[in-house]
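Visitor: Take this structure first; my questions come after.
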Amino acid sequence: MTKPFNDNSEVTAISTQIEILKKHFPQCFDKHGAFMPDKLQALVSEHGTAFSKESYSLNWLGKSYARLLANENPLTFLSEDKVHNQKPENKNTENLLIKGDNLEVLKHLKSAYHEQIKMIYIDPPYNTGTDGFVYQDDRKFTVDELSRLAGIESDEAKRILDFTQSKANSHSAWLTFMYPRLYIARELLKDDGVIFISIDDNEVAQLRVLCDEIFGEQNFITEFIWKRRASSAMADNNVSTDHEYVITYQKGGLKGFQGIEKDFKSYSNPDNDPRGSWVLGDLTVGMTAAMRPNQAYDLVDPKTGKIYPFNPNRVWAFIPQSMAKMIEEGRVIFPDDTDKRPMQKRFKAELKGTYNPLSSLIIDKVGLNSEGTRQIQSLLGGNVFDYSKPASLLTTLIPQLCIESKDIIMDFFAGSGTTAHAVMDLNVESKNNYSFIMVQLPELIDKKTEAYKAGYKTIFDITKARIEKAAEKIKTEHPDYQGDLGFKIFETVPMPEGYLVDHEILKSTDPLFFNGSNLNNDQLDDLLTTWKVYDGIALTVSLNLIDLAGYSAYQHQKILYLIQSGFSHHALVILLQKLDDTDKDKAFDIERLVLFAHNFDSKHQRELKEALTHYQNKKSKNISVEFRY
Ligand SMILES: C[S@@+](CC[C@H](N)C(=O)[O-])C[C@H]1O[C@@H](n2cnc3c(N)ncnc32)[C@H](O)[C@@H]1O
């Protein structure tokens, strides 16, 4: 049976994970494909891996459903905004703004952006009860289907479907929403990538345990505390919660944060010490004489003979022999007054590093919520979005990681586009070329709001306007700046009707009842965009148009797409000729042909396959041919 490329009929809550196990541990499956856990345990224990018998896990109604969603292929196509993307500032940009439900978008990006993203920042709905969060998706499983695919009893499947279809906002609903998104986000992160998640007390506890499960407890970095407001909020219990969190996990291979560059303002060299500038440092440690008896002695200045008694609650930092060496090397400064403490010279040149660790209390470095509101107001001229984070949150976090000039930063709950704005600002300041991927739902804006009256119909319109305005501001303030201030726009669109048919229905009918040869040019373009990322080609890459005797084919490196109808014998002759001429035209070195099967009748399919087999035998070169549905 022919199946569409994004067929989900075999996808279950663990199908992807089993495939990974099979690929890496084939010896742990018997000839019928049954998993043998003892073999895996024996294998890992051979290499001295420690086993923990103490394990716990987070469970909620909907967990298996969430795992099924994480494994499923997208149910949409990707479509490009050709008018916007062709504008001169956007033609060659590496930045992306994608309109759609982020779960669909993340699934589309899974292959082309696998382990490509250095940093993800998200600011998801907090589920406060008043922020409008409700669970919704457009999956239409029956109880039997869900029970089979998620591997659960019908009873549980029924309860899950009841809550996924009832606009719930329970902890279970929120976890079901977050799990598949975070699961795929992890796959997109580079080995040394990091995810930052803004959250408040409503879901912080659930989120920490969820992230432990997805990213691994050992990859937790910190829970930053960010002060969001200056004045207290009224509360029934008289406690004003003025902070939020930024939960931070690494993928696994991060060496550490950059830290905060030390401030050397207090260093000087008044005595022209050849070792360079220095500051006075403490010569004692916080230990009592009882704890460190050999550091409890009276210190004598060898030049003046003055005696400086030890402090029994804070003894000298060195034993007498080391102290003598310090004095001999001119590292100890004795005050005239013996009531004062001798100090040591700390030289800048001898510091282990020029950075201090970043504090988990990001209180002074990052502005308040009001800063975020002011920033969007000054750009868009009104109170059009209530949830803008201050850009300083991002401009503090991004430099902690983004060391490579071309790193990609992603935010799939883009809102007003603060992350994109911060990335562009940082690029101007630091001469880096970080790029961004923003994802935002075209969430409808209430007609009564200022935003709607200002002409914004959806939150996506605000995201787009904010990024454009931020770019314009940079251009005005830095007219000579040559960096990337454009962005390409894509959106998820429904697949053509009947494209992804229910395979339960399909089994009893004609497998080819979807007639792809009826697709119009726009739909074929969307199919091509969707396949391009599915095949691992970045969305920002434009395919090369290849003319085969009037037939348009599309190429990127070693892959050639034949999507359109009307592939003639003449086009085939030209294609073979071009393949033959690869020696002359090095840019046309094709190893893979992908064809939209609906636009090739069986006669043409046969002719093409035969011609290519013949060509390959003659040239002893391998070209794979895939007729895709
Ligand atoms: C709290 S706001 C983010 C604010 C953002 N950090 C800023 O500074 O402007 C969360 C955003 O996520 C969007 N959102 C919610 N669910 C989404 C989904 N499934 N896919 C994409 N965006 C979504 C909402 O429309 C909202 O704009």
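Residue numbering for the sequence shown follows my numbering, starting at 2 and increasing by one per position. Cβ atoms here follow ideal geometry from the backbone N, Cα and C, with glycine treated the same way. What you are looking at is a predicted structure, and each value in this text was computed from that prediction instead of being measured.
Quick check on the DSSP output: what are the complete beta strand (DSSP E) runs of length 3 or more inside the region 189-226, in order along the chain?
Guide: 190-200
Visitor: Thinking C-beta only, is L104 closer than 7 angstroms to P181?
Guide: Within the sequence shown, the letter at position 180 stands for residue 181. Within the sequence shown, the letter at position 103 stands for residue 104. Closer than 7 angstroms, so yes.
Visitor: Measuring alpha carbon to alpha carbon, tell me which of E245, I200, M327, R347 ends up nearest S267.
Guide: Taking the sequence shown and counting its residues from 1, the one referred to as residue 267 is at position 266. Nearest C-alpha to S267: R347.
Visitor: Apart from the five residues on each side of it in sequence, which residues of its chain come closer than 6 angstroms, Cβ to Cβ, to M288?
Guide: Translated into positions along the sequence shown, residue 288 becomes position 287. Taking M288 as the centre and dropping the five residues before and after it, the same chain places the C-beta of V316 closer than 6 angstroms to its C-beta, in chain order.
Visitor: What are the uninterrupted segments assigned as beta strand (DSSP E) that are 3 or more residues long and contained completely in the region 524-574, given in chain order?
Guide: 545-549, 552-557, 560-563
Visitor: Report the residue from Q28, T493, I121 whose alpha carbon sits nearest the alpha carbon of I248.
Guide: As a first step, residue 248 is located in the sequence shown; it is residue number 247 there, counting from the start. It is I121 whose Cα lies nearest to the Cα of I248.
Visitor: Distance check for T583 and I463, CA to CA, integer angstroms please.
Guide: Locating residue 463 in the sequence shown gives position 462, counting from the first residue. Locating residue 583 in the sequence shown gives position 582, counting from the first residue. Taking the straight line from one Cα to the other gives about 48 angstroms.
Visitor: Tell me which residue opens and which closes the beta strand (DSSP E) that I404 is part of.
Guide: Within the sequence shown, the letter at position 403 stands for residue 404. Neither: I404 is in no beta strand (DSSP E) and is coded neither H nor E.
Visitor: Spatial neighbours of I506 within its chain, please: CB distance less than 6 angstroms, with the 5 preceding and 5 following residues excluded, ordered by chain position.
Guide: Indexing the sequence shown from 1 puts residue 506 at position 505. A caution first: I506 carries a pLDDT of 48, below 50, which makes its placement in the model unreliable, though a value can still be read off. Correct list: empty, nothing qualifies.
Visitor: Ignore the nearest five residues each way along the sequence and tell me which others in S566's own chain have a CB closer than 7 angstroms to its CB.
Guide: For this step, residue 566 is matched to residue 565 along the sequence shown. Excluding positions up to five away in sequence, the list reads S518, N600.
Visitor: Look at the Cβ atom of N434, then the Cβ atom of K407, and state whether they are nearer than 7 angstroms.
Guide: Residue mapping note: residue 434 aligns to position 433 of the sequence shown, counting from 1. Residue mapping note: residue 407 aligns to position 406 of the sequence shown, counting from 1. Cβ atoms of N434 and K407: closer than 7 angstroms.
Visitor: Can you find the residues in the same chain that come closer than 7 angstroms, C-beta to C-beta, to D401, ignoring five residues on each side of it along the sequence?
Guide: For this step, residue 401 is matched to residue 400 along the sequence shown. Per the sequence presented here, residue 401 reads as Gln, with Asp not at that position. Contacts found: F258, Q259, L359.
Visitor: Can you tell me where the alpha helix (DSSP H) holding H109 begins and where it ends?
Guide: Along the sequence shown, one-based indexing puts residue 109 at 108. 103-110 is the extent of the alpha helix (DSSP H) around H109.
Visitor: Going by DSSP, which residues form a beta bridge with E492?
Guide: Taking the first residue of the sequence shown as 1, we reach residue 492 at position 491. Partner residues in the beta bridge of E492, as assigned by DSSP, are S80, K100.
Visitor: Would G194 and K119 be called neighbours here (beta carbons separated by less than 7 angstroms)?
Guide: What you label residue 194 is simply residue 193 of the sequence shown in a count that begins at 1. What you label residue 119 is simply residue 118 of the sequence shown in a count that begins at 1. Against a cut-off of 7 angstroms, the Cβ pair of K119 and G194 comes out as a contact.
Visitor: What are the partner residues of K631, as DSSP defines its beta bridges?
Guide: In this structure the chain extends from 2 to 630, so residue 631 is not present and cannot be described.
Visitor: Check this for me: beta carbons of I410 and V424, under 7 angstroms apart or not?
Guide: Here residue 410 is taken as the residue at index 409 of the sequence shown, counted from 1. Here residue 424 is taken as the residue at index 423 of the sequence shown, counted from 1. Result yes, Cβ atoms of I410 and V424 sit closer than 7 angstroms.
Visitor: Which residue from D426, G418, I575 puts its Cα closest to that of Q441?
Guide: By one-based count along the sequence shown, residue 441 stands at place 440. Checking every option, the nearest Cα to that of Q441 belongs to G418.
Visitor: Check whether the region 610-619 touches the region 570-580, counting contact only when three or more Cβ pairs, one atom from each stretch, lie closer than 8 angstroms.
Guide: yes
Visitor: Return helix, strand or coil for T355, following the three-state DSSP convention.
Guide: One-based indexing of the sequence shown puts residue 355 at position 354. DSSP places T355 in the coil class of the three-state scheme, outside both helix and strand.
Visitor: First and last residue of the alpha helix (DSSP H) that includes S518?
Guide: One-based indexing of the sequence shown puts residue 518 at position 517. Per DSSP, S518 belongs to no alpha helix (DSSP H) and is neither H nor E.
Visitor: Taking the straight line between their C-alpha atoms, what separation do you get for E204 and N128?
Guide: One-based indexing of the sequence shown puts residue 204 at position 203. One-based indexing of the sequence shown puts residue 128 at position 127. The alpha-carbon separation between E204 and N128 amounts to approximately 7 angstroms.
Visitor: Going by DSSP, what residues sit across from M439 in a beta bridge?
Guide: Locating residue 439 in the sequence shown gives position 438, counting from the first residue. L98, D412, per the DSSP bridge assignment.
Visitor: Say whether the region 209-217 touches the region 40-59, bearing in mind that this needs 3 or more beta-carbon pairs closer than 8 angstroms, one atom from each stretch.
Guide: By the Cβ test, the region 209-217 is in contact with the region 40-59, since at least three Cβ pairs between them sit closer than 8 angstroms.
Visitor: Go to T164, then tell me how far its beta strand (DSSP E) extends in each direction, as first and last residue.
Guide: For the purposes of this step, residue 164 is taken as the residue at position 163 of the sequence shown. Looking at the sequence itself, residue 164 is Phe, so the reference to Thr does not match. It is not in any beta strand (DSSP E) - F164 instead sits in the alpha helix (DSSP H) that spans 155-165.
Visitor: Tell me, please, which residues DSSP counts as bridged to S625.
Guide: Numbered from its first residue, the sequence shown carries residue 625 at position 624. DSSP lists R593 as partners of S625.
Visitor: With DSSP as the reference, label M120 as helix, strand or coil.
Guide: Taking the sequence shown and counting its residues from 1, the one referred to as residue 120 is at position 119. Here M120 sits in strand by DSSP.
Visitor: Applying the 10 Å Cβ sphere with the 16-neighbour rule, what's the burial state of P125?
Guide: Taking the first residue of the sequence shown as 1, we reach residue 125 at position 124. By the neighbour-count rule (16 or more Cβ atoms within 10 Å), P125 is buried.
Visitor: Would you say the beta carbon of S390 comes nearer than 6 angstroms to a heavy atom of ligand 1?
Guide: Looking up residue 390 in the sequence shown gives position 389. Residue identity differs from the one stated: residue 390 is Lys in this sequence, not Ser. At least one heavy atom of ligand 1 is nearer than 6 angstroms to the Cβ of K390, so yes.
Visitor: Any heavy atom of ligand 1 within a distance shorter than 6 angstroms of the CB on I399?
Guide: Counted from its first residue, the sequence shown places residue 399 at position 398. Incorrect: I399 has no Cβ contact closer than 6 angstroms to ligand 1.
Visitor: Helix or strand or just coil, what does DSSP make of R276?
Guide: One-based indexing of the sequence shown puts residue 276 at position 275. Residue state, collapsed to three classes: coil.
Visitor: Please determine whether the Cβ atom of D124 lies at a distance below 6 angstroms from any heavy atom of ligand 1.
Guide: Within the sequence shown, the letter at position 123 stands for residue 124. For ligand 1, at least one heavy atom lies less than 6 angstroms from the Cβ of D124.
Visitor: Can you tell me the Cα-Cα spacing of F78 and R593, whole angstroms?
Guide: Here residue 78 refers to the residue found at position 77 of the sequence shown. Here residue 593 refers to the residue found at position 592 of the sequence shown. Cα to Cα, F78 sits roughly 22 angstroms from R593.
Visitor: With three or more beta-carbon pairs closer than 8 angstroms as the criterion, would you say the region 373-380 touches the region 264-281?
Guide: no
Visitor: What are the partner residues of L362, as DSSP defines its beta bridges?
Guide: By 1-based counting over the sequence shown, the position of residue 362 is 361. L362 is bridged to I226.
Visitor: For I21, tell me which candidate among F36, V286, L255 has the shortest Cα-Cα distance.
Guide: Working through the sequence shown from its first residue, we reach residue 21 at position 20. I21 has its Cα closest to that of F36, out of F36, V286, L255.
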